[in-house]
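Notes to accompany the following structure.
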Amino acid sequence: MSTVLTLAPADTSTAPARQSWQAIFALARFESRKLLLRIPVLFMLAAYVAWIVWRTKGAWYGYPALQDVDRATQTGPLLVGFAVLLCVNQAVLRSQRHDTERLFGVLVLEPWRRTAAHALSILPVTGLVALGVAAQFGWQAVKSTAVGNGSVGELLVGPLCVLLCGGVGLLMARLVPKAFAIPVAAVLFLVFSVLAPVSFGGDGASRWMPIITESSTKTLPSDLIGRPAASHSLYLTGLALALALLAVLISKGRTKTATAVLAGSLAGAIALGVVGGIGQSAGVSSEMVAARTVATLNPQKDQTCIRHGRSTYCAFPEWVPRTTTWAEVTDHVQSLAGGTAQTRKLLVQQRVEARYGMEADGAIEPSSTPNQVTVRTMWGGPRTPEFSAAVASVLVLGNEKAGGDVCDGRMVTIMWLALGWTSHPVTELRAVRLDDTVTGSASVLSPTNGMSMTAGQTSVVRELFVAGQSTVTPKVKAHWAELTSPKVTTAKVAELLGVKAPAGADKCE
Amino acid sequence: MTRGSGDTEQTDAQLPSTARVLAQLIRPVLRALPVRALGATAAVALLIAALPRLLSDEPNPWSALVALRAAALAFALGLAFVLDDPTRDLTSSVPTRRILRTTLRVALVAPFAALWWTAAVLLVPSEVRPPVGDMTLEAAAAAALSLAAAATALRFTDEPEPGQRVAAGFLVIALVSPLALPYDWGMYVSPAEKQWGVGHDHWAMVLVGAGMVWAACGPEPIRRRRLVPTRTS
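So the sequence lines, in the order shown, correspond to chains A and B. Its first residue numbered 7, the first sequence is counted upward by one per residue in the working numbering. Its first residue numbered 168, the second sequence is counted upward by one per residue in the working numbering.
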């Protein structure tokens, strides 16, 4: 006790800047390791992996369009983001909670440098989420059935949301340094972001949310989607940087130079966010409107036509690889048909209602051109029997438009052609009917206007599936003219094909 | 007077009854309550409950349900701090058992919580208000779960103030459970759906289960098992 320090302590304020940077990085390494090992973060990372597997397995019925896949990676990272929000906040407040602020006060790192280290500690977990996004996208992209193009802007949104959450946690810790503040604030943010778009309605408010969801689930050619993905990710980057820099800027212990540099960077980040914000609120350009109109009304101007066998397939360029899949279905349907229908040349044209972008859906009018079949942008699941039903209706009725009015026994012929060649026709029947039933009357899905089946027709079709392809096909080919003549009754068709006829006449609602 | 009865009198005088202890404890426990944490969370939770009214002129039942559930969650997060005791190192050795002290804390908070819940329910416009009884059950279950989690943290760690960790864990679980729980359990459905009834049976089970955990984690352990090292973040 009696030995008093007589020497003045060494002047620590002139420590070289390089060393303090090294200290920042050392602290950032330590904090990021600690952040990655926090139970909420580990739990949410596990939940995120589970979410990826659950969402990606069987998604898009195995026929993904990559311009949809990129958007589907955006919500999952919010799980991790929430854990990061809480844990970064608690990590910043740790020294206060454990009353070690006074000890840290004598160390080389001032509070603002410690805040900067905490900001850097968010990066590794963001990197993990970026890996998750890449895995989710890559899983679909390597499929041979995948079509289209993903957008880097859309893929960046997930990781940027994690960064944004970390920024919010950091800033909250410096603004309200209380342990109880962040969980409640997180709930408030979450509820606000859920309720605000519903309440305000329209595009105006939802454009500023981290994740912009769309009301339409259809697939568009990637150049017609018109989502300002690049601007939006720029906006998110600016926002996240601005929050983190603001948190550093309001921390104590800054030198004048540091303040000036930080203020300059903050202004830069805000400028970045503003540029992105202006870019994303620009709305749909007139060129885009024109391109969408052309794609909807005159798709042949954009499309590439390819011949497979007898028929021609016209598709938007991104879907050209899928034309072979369509051709297989067309060939199967034609192989069941008789008469001239077996060798008829069809024009399969891809059509999409693109005029409303991703904001709304619209029905496609059936084509009245003979031997023209419509195929849509999605495939797999119910979309496949839907297309084969359209092919069958064109083979039986001559054109697509007539499918909406048919009410007689020809409906049985159509449904047999559409589904008789599949390995599980009853499953396909359930998929192609609007109410997912296999008995009673129902609407049948179609790429354009639907068709309808009566209860009697349904039972005859199911009898045919039981009888099997080898029994029914020769009879179909033998009686093709009668089976496809207008006004043939369902009972007559059943009799010709040798199955039990339903009671009562055809009656369509 | 026999010697034995004199002893009894003396013991009675030395060890006052539980009721008297509790009466004496009320003031110090009131002072030790994390009033600011509770007040702030209650205020934010009320703001959340008022969001449908604030955001829209004609709120729909769905947003009212979301807001009321979120308000209950926010308040439950505040309750996670109720058992925080910075002086735990000192109070763990006092003769009054911890379960009495913690129960007294909760009993003192309960009227405030009831008042708060009434206000939150009243903030939701009556025409879109979900069934109050069932929602009260949900809120009570969430609150009990939060308190039980805090009691568990006290029972198994040395942390004097486990509130912030408990709140973070509780919030994470609350966010994941609507995604992870089977839809048929009906715990997050809307009143129009048929699972609403069975969902509230499940909420009642959660409430009872949380109560049991609370009771089991009430006593101060004689020898502490260290699942989590002391004082790390």
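By construction, the Cβ of each residue, glycine as well, lies at the ideal position given by its N, Cα and C atoms. Here the structure is a predicted model, which is why all the values come from computation and not from measurement.
Note on geometry: alpha-carbon atoms of A:Val-280 and B:Pro-298 lie some 44 angstroms from one another.
Taking 8 angstroms as the cut-off, the Cβ atoms of A:Ala-398 and A:Val-482 do not count as close.
Residue-level contact by beta carbon fails for A:Cys-171 and chain B, as no gap is shorter than 8 angstroms. The criterion of a C-beta distance shorter than 8 angstroms is not satisfied by A:Arg-416 and A:Val-466.
Neighbourhood of A:Leu-92 in chain B, by CB distance below 7 angstroms: Ala-335 and Leu-338, in chain order. Using a Cβ-Cβ cut-off of 8 angstroms, B:Val-211 counts as an interface residue toward chain A, since at least one Cβ of chain A sits closer than that to its own. The beta carbon of A:Gly-283 sits closer than 6 angstroms to those of Tyr-241, all from its chain and outside the five residues before and after it, given in chain order.
Listed in chain order, the beta strand (DSSP E) elements of length 3 or more contained wholly in the segment 53-86 of chain A amount to none. For A:Ala-185, the chain B residues whose Cβ falls inside 7 angstroms of its Cβ are Gly-330 and Gln-331, in order along the chain. For A:Val-354, the enclosing beta strand (DSSP E) covers residues 353-356.
Legend: CB atoms of the segment 213-227 of chain B lying less than 8 angstroms from CB atoms of chain A belong to residues Leu-214, Ile-215, Leu-218, Pro-219, Leu-222, Ser-223, Pro-226 and Asn-227.
Sorting B:Leu-240, B:Arg-187, B:Pro-253 and B:Ala-210 by C-alpha distance to the C-alpha of B:Pro-201 places B:Pro-253 at the top. Counting every other CB atom within 10 Å of its CB across the protein chains shown gives A:Ser-341 a total below 16, marking it as exposed. Within chain A, the residues whose beta carbon sits less than 8 angstroms from that of B:Phe-248 are Ala-185 and Phe-186, listed in sequence order. Under the Cβ criterion of 8 angstroms, B:Leu-314 is not counted among the residues facing chain A.
When rounded, the separation of the alpha-carbon atoms in A:Lys-63 and A:Trp-145 is 9 angstroms. Closest in alpha carbon position to A:Pro-165, among A:Val-131, A:Thr-329 and A:Ser-449, is A:Val-131. About 11 angstroms separates the Cβ atoms of A:Leu-230 and A:Gly-154, ruling out a contact at the 8 angstroms cut-off. Taking the CA atoms as reference points, A:Leu-435 sits about 7 angstroms from A:Val-444. Of all residues in the segment 46-77 of chain A, the ones placed with a Cβ closer than 7 angstroms to any Cβ belonging to chain B are Pro-46, Phe-49, Met-50 and Ala-53, in chain order. Inclusion of B:Val-233 and A:Val-193 in the CB contact set at 8 angstroms is not warranted, their separation being larger than that value. For B:Ala-334, the closest of B:Ala-371, B:Val-273 and B:Ala-317 by C-alpha to C-alpha distance is B:Ala-317. At a Cβ-Cβ threshold of 8 angstroms, A:Val-190 and A:Phe-143 do not count as neighbours. The segment 186-254 of chain A is shown to contain no whole beta strand (DSSP E) run of 3 or more residues. In the DSSP assignment, A:Ser-458 falls within the unbroken beta strand (DSSP E) covering 457-459. Put simply, of A:Val-90, A:Trp-27 and A:Ser-26 the residue whose alpha carbon is nearest the alpha carbon of A:Ile-45 is A:Val-90. Exclusion of the five residues before and after B:Leu-240 leaves Ala-309 and Ala-341 as the residues of its chain whose Cβ lies within less than 7 angstroms of its Cβ. For A:Pro-203 and A:Ser-212, the gap between their C-alpha atoms comes out near 5 angstroms. Assignment of beta-bridge partners to A:His-314 by DSSP yields A:Ser-317. Residues of chain A with a Cβ closer than 8 angstroms to the Cβ of B:Ala-234 are, in chain order, Val-197 and Leu-201. Residues of chain A whose Cβ lies closer than 8 angstroms to the Cβ of B:Leu-244 are, in chain order, Phe-186, Pro-189, Val-190 and Val-193.
Between A:Ala-123 and A:Leu-268, the gap from beta carbon to beta carbon reaches 8 angstroms or more.
By the Cβ test, the segment 267-277 of chain B is in contact with the segment 180-195 of chain B, since at least three Cβ pairs between them sit closer than 8 angstroms.
Beta-bridge pairing by DSSP links A:Val-450 to A:Arg-439 and A:Met-457. Look at A:Gln-142: its C-beta is not under 8 angstroms from any C-beta on chain B. Apart from the 5 residues on each side of it in sequence, A:Met-178 sits with its Cβ closer than 7 angstroms to the Cβ of Asn-95, Ala-187, Ile-188 and Ala-191 in its chain, given in chain order.
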